[in-house]
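See structure below.
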């Protein structure tokens, strides 16, 4: 049966319109992604979504569980993100789960990461709002890096100054680095220190040895003191005897004191000799008289020598004396 | 006023054309499942269509792979992401570039061939002669050709994809010293079920569109040799346009089922 042009036209129109409707329908279906899956919606509030867009993935513990459905501005600092997630996975997400904005790799798309919470609360249901945590955005990181960079620049400039001074030999460290004599001295000092420490070590060893020998050898006084119990007992008795003796000496001294006091106070011969000044004077005059007497006696004797009666006797005595001298010289 | 008349006339003829094409398509489906099946002719057409286009498709595929890699390489190098080249080229060739370019080449080669062949048969009244001699010319000429293109085009596209990947590998091997095993491991790792299946399904539709429009234009060719030329020309242009529309719809449908 041959179709008329009118019929063909209507058919063509129908096919064209049908195709357009088909295209529109599949476009609309494509807009509402995952419509053939059983989904439900949850949402979270953020201060900054860092470029998150509709259709970005939603991840729970690293698994893609849905997409971002809608991003709306609630007020100047709050943004609501609605997410469509797979109902099968939703049974594992608790209400205390935390949503964060992340990125899929360094240059990848933004995504919402849902991190499991303490699992203390019940499982989420359709339309629930979960907590969110605002991570540092790239801009914030770059700002911080900028400050760090400036500080690093200052630090390196200072370091450069320090190293230059060091190289020029300025300051203590510079001298330490550049002065060869100082280095040699230091080397010598270290060598000396080494010797000293060696000596000290030897001394300590010797001391140790001495202490050990003191501990073990009873022949020395200290060793005996430390180790010999019999000698110790003897020493104890000696010390106690000494104590007794000292007490006796003490009483003796007391008696002497009494005696001395008595001497001082009494009128005995000793006191008379030591204290009476008139006695001294009379003794002095007596001695003077004796001196005078002896002088006069000498004069008398000289006169007696020249007397004719006794002169011969004295000449005889002189001759005998000379003879004796001659004999001794020979 | 005159212009409006012309426009209306053109629009009317456009819709009539679509109506005729729709009737032609419905007749094709009816005739396809009617006995007797022209299997011998179908195989002959498959051989003719597939074999005749193989070299052209291979060369095109190879050049596409080569050029795509060469052109993308500097940009990827800028980001230090040359290692992503095999997966990127693999996905873009298998998903989109391979099917659409091969289909366009085949629209020029096979579509115009079918249209010209059937058109000249129509002009030389061979089709009328067949009708007279009791052979169903639609079944013998149109159904076999359309089915042949529908079945052969996906195969040609698969071959073109493979050769394009080889072309890409050649560049990567020369410029980036990437080994054969590494390149194809990365390509196959990146490709998913959702990449290969929609592209293959889409290529059946591409084949059917090329065969149907080519046959439709040739079968309904106007009188005279000029008519053959005109039919061929319109067939190629319409097919190319329709291929993009089908591709567009295929992307939407794939998006729904495979979430691109």
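Chains as they are written, first to last, in the working numbering: chain C, 1215 to 1544; chain F, 1438 to 1697. No residue lacks a Cβ here, since even glycine has one placed at the ideal position from N, Cα and C. Only a predicted model underlies this, so the values are computations on that prediction, with no experimental measurement involved.
1. If you reduce the DSSP assignment to three classes, tell me which class residue 1258 of chain C lands in.
2. Going along chain B, which residues have a C-beta under 7 Å from residue 1241 of chain C?
3. Using the three-state DSSP reduction, which class does residue 1419 of chain C fall into: helix, strand or coil?
4. Using the three-state DSSP reduction, which class does residue 1450 of chain F fall into: helix, strand or coil?
5. From the DSSP secondary-structure annotation, give me the bridge partner or partners of residue 1274 of chain C.
6. Taking the alpha helix (DSSP H) that residue 1316 of chain C falls in, what are its first and last residues?
7. Pull out every residue of the stretch 1441 to 1456 of chain F whose Cβ sits closer than 8 Å to any Cβ of chain C, in chain order.
8. Just verifying my parser: in three-state terms, what is the DSSP assignment at residue 1478 of chain C?
9. Under the three-state reduction of DSSP, which class applies to residue 1295 of chain C: helix, strand or coil?
10. In chain order, what residues of the stretch 1453 to 1483 of chain F put their CB closer than 7 Å to some CB of chain C?
11. Pick from C/1243, C/1379, C/1322: whose alpha carbon is nearest that of residue 1264 of chain C?
12. Using the beta-carbon of each residue, which ones in chain C are nearer than 9 Å to residue 1686 of chain F?
13. Have a look at residue 1677 of chain F and residue 1262 of chain C and give me their C-alpha separation to the nearest angstrom.
14. Should residue 1609 of chain F be labelled buried (16 or more other beta-carbon atoms within 10 Å of its own) or exposed?
15. Please say whether residue 1629 of chain F and residue 1687 of chain F have beta carbons closer to each other than 8 Å?
16. Determine which residues share a DSSP beta bridge with residue 1268 of chain C and list them.
17. Chain C beta carbons: is any one of them nearer than 8 Å to that of residue 1693 of chain F?
18. Just the C-alpha distance for residue 1381 of chain C and residue 1369 of chain C, rounded to the nearest angstrom, thanks.
19. Kindly list, in the order they appear in chain F, the residues whose Cβ is closer than 7 Å to that of residue 1268 of chain C.
20. Can you find a C-beta in chain F that's less than 8 Å from the C-beta of residue 1283 of chain C?
21. In three-state DSSP terms, what is residue 1263 of chain C?
22. Look at the Cβ atom of residue 1484 of chain F, then the Cβ atom of residue 1555 of chain F, and state whether they are nearer than 8 Å.
23. For the putative contact between residue 1229 of chain C and residue 1459 of chain F, defined by C-beta atoms under 8 Å, what is the C-beta separation to the nearest angstrom?
24. Does DSSP put residue 1183 of chain C in a helix, a strand or coil?
25. Just confirm the distance between the C-beta atoms of residue 1597 of chain F and residue 1497 of chain F, as a whole number of angstroms; I'd bet it's less than 8 Å.
26. For the alpha helix (DSSP H) containing residue 1519 of chain F, name the first residue and the last one.
27. My guess is that residue 1160 of chain C and residue 1456 of chain F are in contact by the Cβ rule of under 8 Å, so how many angstroms apart are they, rounded?
Taking the structure as given:
1. strand
2. No chain B is present in this structure, whose protein chains are C and F.
3. helix
4. helix
5. According to DSSP, which records beta bridges pairwise, residue 1274 of chain C is partnered with C/1277, C/1328.
6. Counting along the chain, residue 1316 of chain C falls outside any alpha helix (DSSP H), though it belongs to the beta strand (DSSP E) covering 1312 to 1317.
7. 1449, 1451, 1452, 1453, 1454, 1455, 1456
8. In the structure shown, residue 1478 of chain C sits in a helix (DSSP, three-state: H, G or I).
9. strand
10. 1453, 1454, 1455, 1456, 1457, 1459, 1460
11. C/1322
12. 1233, 1236, 1237, 1240
13. 47 Å
14. Residue 1609 of chain F comes out buried.
15. no
16. Beta-bridge pairing links residue 1268 of chain C to no other residue.
17. yes
18. 18 Å
19. Those within 7 Å of residue 1268 of chain C in chain F number zero; the least Cβ separation is about 14 Å.
20. no
21. coil
22. no
23. 5 Å
24. Chain C is shown from 1215 up to 1544; residue 1183 of chain C falls before or after that span and cannot be answered.
25. 7 Å
26. Per DSSP, residue 1519 of chain F belongs to no alpha helix (DSSP H) and is neither H nor E.
27. This structure leaves residue 1160 of chain C out entirely; chain C is present only between 1215 and 1544.
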